[in-house]
Structures are given as structure tokens and as C-alpha cells.
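What follows is a set of notes on a single structure, which appears directly below.
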Amino acid sequence: MKTLKEQFDILSDGAVDLLPQEDFMRKLERSIATGKPLRAKLGLDPSRPDIHIGHAVVLNKLRQFQDLGHTVVLIIGDFTAMIGDPTGKSKTRPALTLDETRENGKTYVEQAAKILDMSRTEVVYNSQWLDSMSFRDVITLSAKYTVAQLLERDDFTKRYRSGEPISVHEFLYPLSQAYDSVAVRSDIELGGTDQKFNLLVGREIMKAYGQEPQCILTMPILEGTDGVEKMSKSLDNYIALTDSAKDMFGKTMSIPDSLIARYYRYACFAGGEDVARMESELAAGTLHPRAAKVHVSGSLVDRYHGEGSGKEALDEFERVFVKKDIPDVIEETVLDGTSLDIVTILTSASMAQSKSEARRLIQQGGVSIDGTKITDPAALIDLQLPVILRVGKLRFLRISGR
RNA sequence: GGGUAGGUACUCAAGCGGCCAACGAGGGCAGACUGUAAAUCUGCUGACUUAUGUCUACGGAGGUUCGAAUCCUUCCCUACCCA
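Sequential numbering from 6 applies to the first sequence in my numbering.
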């Protein structure tokens, strides 16, 4: 069993906030003394079933809790997802049915299992308690917090000032999330830094319900592969846990230099010393940024696809992008006809969304067949034998006719 | 309930009777240069059997007009002020 100090050092490493520190120390101390594990809570939004390595930052931290013997409580927000979305950004997000959210929740958990130790994980759905609350219960809950307190949240303040709509139910979101903490009696809740407000509401609400308030731990929000926006599916700048080794490697190679060490630390969960060494070598110029990225990409792939797969991904990468060769595995599509015009091929193979787009791609020189650039939109392609179609830098497809 | 300002393509945002598939910016895509980095430069960015062509589109539905994103009516939506 690790000592208090050791546990604290491990758990606080890489965290942005761990509040209040003294309370957390007390909880840890008690846990060590009584042998009773802490309950670490994480709420999941099951409206989008794919987990990406941005989510993984927090999951990895949870894993550290588990490795120290503590319990993780995953709350699938099936009830909240059913109602809609609070962020205002995507106000047209369709409300999901309970079945859909359950289904998403399941895939979510399957993916989380790549990181978490499921034998030390409790999975619960918040509809279990939220769905059965009466209107009276809701009023009781909402009476425990004030509008001014809610408006403290950055995002609410901004929207309120700039005249954007805020629906009343959005105010209820932080409260219901806070109530989840009451329901599962969490000792500490984790989340991204964007969740800090919500996590803190949890403390107040727990107190109001006569419980010992949870501590909060926030992890950084990992930027997406564009290096600017936070990683998210809707911005398409994400690396999914389910991405193939090849994609994972390639996507990581495309991150800006400024993010290399950050990815090393929060995506690969490299230790503080290793990260510091990389940072200083990069700064000193003794390590080429590309080499550092190759290392980061490789260890990321190793992490999720097994030891050694990072090397394979690198070999493939070198072949395609350094030697300008074609990938060794290319998806194949069979089309009707043995001689088709290039525009038809592009659209029916889903490499272009419309014929206009196909023509544009051709005119701009982004299309080649077997390595030969196609410039004539009316060109006929002989498909007696399979050909390799390349669109842009990254998209390859083997086409054969019948 | 009353008043004011608004609702334009992925986003922001011009246009305010014909020259509008709609300026500009961002984003995205393609190309050049590179380290699948950044920065920079160029082109494209509604669809259709590529046509000085047709269709769809400026919150919805009607209307005026030879002609509407632009004018009128009505409905819906948003913010703010008053109650």
C-alpha cells in the first residue's frame, strides 16, 4: 500500500485543479486508515458514442485511482442526454431516446474498458434517480442554488451578455449533475477544466443534502489535431480510441509542434520527467520536432493497439509519405462496368460527394490513377484490371470493374 | 401584453427591386513549398448529362411586379427595454 504522500503525488500529477487540497488529503488519509476505497466519479455524456484521446486524459487519471485501490463510478448521463444539450452551441442536437442513450452508454463503456480496470468500476445510469424525481423534488433541488450563482459560470455569463438565448432547463443541468454526486455519494469528481463550475456546484448541493462534499479534480482539455480548438468530434480534429493504428499515427503526426510535449504527457501519459526531458531537448534543438512526433505517435499507437504496432504504423507511414509509395492495405471497391469516366468513378466510389465536386478535384490536380494525374474530367478509365485511385494526399482506393 | 432590433450558405457577416448562387472574413477542400508541423502563396467551396443553360436556395406561407434576398401581408423564432 502506498503512503499518503505517494498517493497524493501520483493523483495530483498533471491535474490542473485538485480542490480543496486539505479535504482531499483527509479523505485519502481516512481511506488508508480504514481500508475503504475512495469513490471517484466521472459523468459521461452518451450523446456521442465515440471516445477520443481527449476524453482519455481523464480516464487515464481515473485508472491511477484504480491502481491505488480506489473505486471508479461512471455515470452514464442517459437521462440528461435524453432531454437535450446544455452547451447552446449545438442547439439543434436531437434529443435521444432512452434506448439510444443506453446503447451509446454501452459502447462508451466498452471503449472506456480499454483504459479502466472494469473490476473496480461501477457503471450507473442517472435516469435511475433523475427519472423518478417529482416536480416537488426538482423544486427542492433548485431552491438550493441561486440564479446569481449559476450565472457565475463563464459560458452563461458570456451568452447572457452577448444576448444569446439561455433556456431554463440549461440552468438545471449543473444541478442535476450535482445531484448525481449526491446519489452516488462521491468522494471526488473528475472532469475537464471546462467542468470546474459543474463540479463545484456538486460540492454545494452535497452539503445542502447533508453529505460530506466531494473534492474536485480537473484535467486539461486536450487540443485537437488542429492545435487550436479543443478536441471534439464535431470539429473533426479528434483521434478516436477506435481509430486504426495507421490513422492514429497519421493524425498524431499532423499535430502542430507546439502540442508535441502536451500530447506526450496527456495522450501518452508519459511521466513528468520524460516530458520535461523532451521539452528541454526540443528547446535546445538537439531533438528534431519530427523525431519527437514520431516518438509520440508511436507510443500512442503502442498504447492502444499493443506493443509493437507503433513501429508497424511508422513503417507504413514512411513508405507512403516519405517514399511516396502506396499503402500496403487499401480498401477495395467494385464498380459496375469495365470502362467508366473518372467523374462517375469518383462519385460512385464515394470519393466525391457530387459530380461537381469530382470535377473540381480533377481540375485542381488532386486525382490520380495508378500514379498518373488525371486532368480531363471526361477521361475514361479502363477497369479490366484493378487500378489505384488516389484523391488528395491521403485517400486511396483500389477500384475494379465488373 | 406593449415597444425596439434582428433572422442570409458550415460559422460570422455584406447586400436592401434587375449587374445575386449572393461582397468579405473564418473554416473546409485541392495545389506549391515542407517535417502529413507552423508560416506563406494560388485556386475552389449549391446541384445537374459543362451549359454564354436549367433547377434549388436568403426563417415559413401567401402576394405585388416583366423581374424579389431586397417591397407588402401574415405566421414562426431570438435578444433587449417596459409591464
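Glycine is no exception: its CB is placed at the ideal position from the N, C-alpha and C atoms.
As the structure is a computational prediction, the values presented were derived from the model and not from experiment.
Using a 10 angstroms sphere on the CB of Glu228, the tally of other CB atoms reaches 16 or more, which defines it as buried.
Here the C-alpha atom of Ile244 lies approximately 43 Å from the C-alpha atom of Arg141. Here DSSP, grouped into helix, strand and coil, assigns Thr230 to coil.
DSSP places Thr247 in the coil class of the three-state scheme, outside both helix and strand. Counting only runs of 4 or more residues that sit fully inside the region 266 to 317, the alpha helix (DSSP H) segments are 277 to 289, 294 to 310, in chain order. Counting C-beta atoms within 10 angstroms of its own C-beta, Gln369 has fewer than 16 neighbours from the protein chains shown and is therefore classed as exposed. DSSP lists Ala245 as the bridge partner or partners of His57.
At a Cβ-Cβ threshold of 9 Å, Ala188 and Asn131 count as neighbours. For Ser36, no beta strand (DSSP E) segment is defined; the enclosing uninterrupted segment is the alpha helix (DSSP H) at 26 to 39. In chain order, Phe161, Phe176, Pro179 place their CB closer than 7 Å to the CB of Leu155, counting only its own chain and leaving out the 5 sequence neighbours on each side.
Within the region 68 to 140, the complete beta strand (DSSP E) segments at least 3 residues long are 76 to 81, 126 to 130, listed from N- to C-terminus. Here the alpha carbons of Ala86 and Ala363 stand approximately 38 Å from one another.
Selection Glu34, Asn109, Phe274 evaluated against Ile56 yields Asn109 as nearest (Cα-Cα). Under the three-state reduction of DSSP output, Gly406 falls in the strand class.
Rounded to whole angstroms, the separation of the alpha carbons of Leu222 and Leu23 is 4 Å.
For Val339, same chain residues with a beta-carbon under 7 Å away, outside a window of 5 residues either side, are Ser405, Arg407 in chain order. Glu234 and Val152 have their C-alpha atoms roughly 30 Å apart.
Of all alpha-carbon atoms in Leu135, Ser147, Asp72, Cys273, the one lying nearest the alpha-carbon of Leu121 is that of Asp72.
Annotation: His75 to Asp136 spans about 29 Å, alpha carbon to alpha carbon. Counted as a single uninterrupted DSSP element, the beta strand (DSSP E) harbouring Glu194 occupies residues 193 to 197.
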